[in-house]
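Here the structure is laid out as structure tokens; the discussion comes afterwards.
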Amino acid sequence: MSKVFDFIKEAGTFYLATVDGDQPKIRPLGAVIESDGKVIFGVGTFKDVYKQLTANPKVEIVACKPNAHWLRYTGKVVFETDDKYAAEMIPAFHLEAIYNENTGNKLACFHLEDATAYEIPVMGQGESLL
Numbered sequence: 068m069s070k071v072f073d074f075i076k077e078a079g080t081f082y083l084a085t086v087d088g089d090q091p092k093i094r095p096l097g098a099v100i101e102s103d104g105k106v107i108f109g110v111g112t113f114k115d116v117y118k119q120l121t122a123n124p125k126v127e128i129v130a131c132k133p134n135a136h137w138l139r140y141t142g143k144v145v146f147e148t149d150d151k152y153a154a155e156m157i158p159a160f161h162l163e164a165i166y167n168e169n170t171g172n173k174l175a176c177f178h179l180e181d182a183t184a185y186e187i188p189v190m191g192q193g194e195s196l197l
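Numbering (our numbering), first residue to last: 68 to 197.
Right, here's the structure in full:
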């Protein structure tokens, strides 16, 4: 899993693709940690993306490095039940103003299962990272 996490961290911003009914939705994200052998992502439970993930857990994450290699990470979202991931992610990405007792906002953390991950050069075949 470290190859996937390392790629995403080097790329910086990554993009999460979901569906809303029959309409694809893509948004940039930046919060990601590696813990317990999993790449963990987070989204606010008050956001449309959370509703989309609960309605259809099939997603794709894409990131691109400066060398123009890109990552296609596809799988099924599994939400974490342990709050330790949110407790680690919130301060790591300075999200305390959004996720706190006063706002009532919650951060839902998830990883992908039944996943594939490919690093793909601009020209040529992709290489599996899993």
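Even glycine gets a Cβ: it sits at the ideal position worked out from N, Cα and C.
Compute the beta-carbon to beta-carbon distance between residue i and residue j, rounded to the nearest angstrom, for a pair I have assumed lies under 8 Å.
| i | j | result |
| --- | --- | --- |
| Glu194 | Gly142 | Contact flag wrong, Cβ pair sits at about 17 Å. |
| Phe113 | Asn172 | 6 Å |
| His161 | Lys105 | 22 Å between Cβ atoms; not a contact. |
| Phe74 | Leu138 | 5 Å |
| Tyr185 | Leu196 | 7 Å |
Taking residue i as part of the beta strand (DSSP E), name the residues at either end of that continuous run.
| i | result |
| --- | --- |
| Gln90 | Gln90 to Leu96 |
| Ala130 | Lys125 to Cys131 |
How would you write the range of the alpha helix (DSSP H) that residue i sits in, first residue to last?
| i | result |
| --- | --- |
| Val71 | Ser69 to Ala78 |
| Tyr117 | Asp115 to Ala122 |
| Glu155 | Lys151 to Ala159 |
Beta-carbon separation of residue i and residue j under 9 Å?
| i | j | result |
| --- | --- | --- |
| Gly111 | Val99 | no |
| Glu127 | Tyr140 | yes |
| Met156 | Ile93 | no |
| Gly191 | Ala130 | no |
| Asp150 | Gln119 | no |
State the DSSP-derived secondary structure class of residue i, mapped to helix, strand or coil.
| i | result |
| --- | --- |
| Leu83 | strand |
| Thr141 | strand |
| Val31 | This structure does not reach residue 31, given that the chain is present from 68 up to 197, and the question cannot be answered. |
| His136 | coil |
| Ile107 | strand |
| Ala184 | strand |
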